[in-house]
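In this note's numbering, the protein residues as written are 4 to 140.
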């Protein structure tokens, strides 16, 4: 698996391929019919997940965040961050490839639904979550 190859999750289920018994008088192979191909889904690449998990790991070590969830839909891939597992996500990091040429594919959305940051560069978008403490004089 290369670093640029997206991570794809496939649902488990029985193998639905069917094969007919070959006809002895016809030596041609019988084509196999399988399930129809699934539509393409938005996914995070390995580098994108590494960048997200670096920020997430720092916040977990600080005790601010506790859990996360991944959701892959047809048009968006979402990394949801939770303070506790039973709550609504406090932040959602979304990748929408359809918006890549417009406002940018990446966005950070707050719990209230406000877009905190949107852009083309994931590192800059994630910087909104990694606020540094400043000395106030």
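The beta carbon of each residue, even a glycine, is placed where N, CA and C say it ideally should be.
**Simplified DSSP state of residue 125, which is helix, strand or coil** = helix
**Asked** Alpha carbon to alpha carbon, how far is residue 72 from residue 54?
**Response** 16 Å
**Request:** Assess, as a yes-or-no matter, whether the stretch 98-113 is touched by the stretch 58-66 under the definition of 3 or more beta carbon pairs within less than 8 Å.
**Result:** no
**Beta bridge counterpart(s) of residue 70 as assigned by DSSP** = 85
**Message:** Please classify residue 127 as buried or exposed, where buried requires at least 16 neighbouring CB atoms within 10 angstroms.
**Reply:** exposed
**Request:** Please determine, among 94, 122 and 116, the residue with the shortest C-alpha to C-alpha distance to residue 106.
**Result:** 122
**Asked** Under the three-state reduction of DSSP, which class applies to residue 55: helix, strand or coil?
**Response** helix
**Message:** Quick check: what's the CA-CA separation for residue 91 versus residue 78?
**Reply:** 22 Å
**Cross-strand partners of residue 227 (DSSP beta bridge)** = Because the chain spans 4 through 140 in this model, residue 227 falls outside it and cannot be assessed.
**Item:** Closest Cα partner of residue 142 within the set 86, 10 and 129
**Value:** Shown here, the chain extends from 4 to 140; a query on residue 142 therefore has no answer.
**CB of residue 84 within 8 Å of CB of residue 59, strictly** = yes
**Asked** residue 131: which of 140, 120 and 124 sits nearest, CA to CA?
**Response** 120
**Prompt:** According to DSSP, which residues form a beta bridge with residue 95?
**Reply:** 83 and 112
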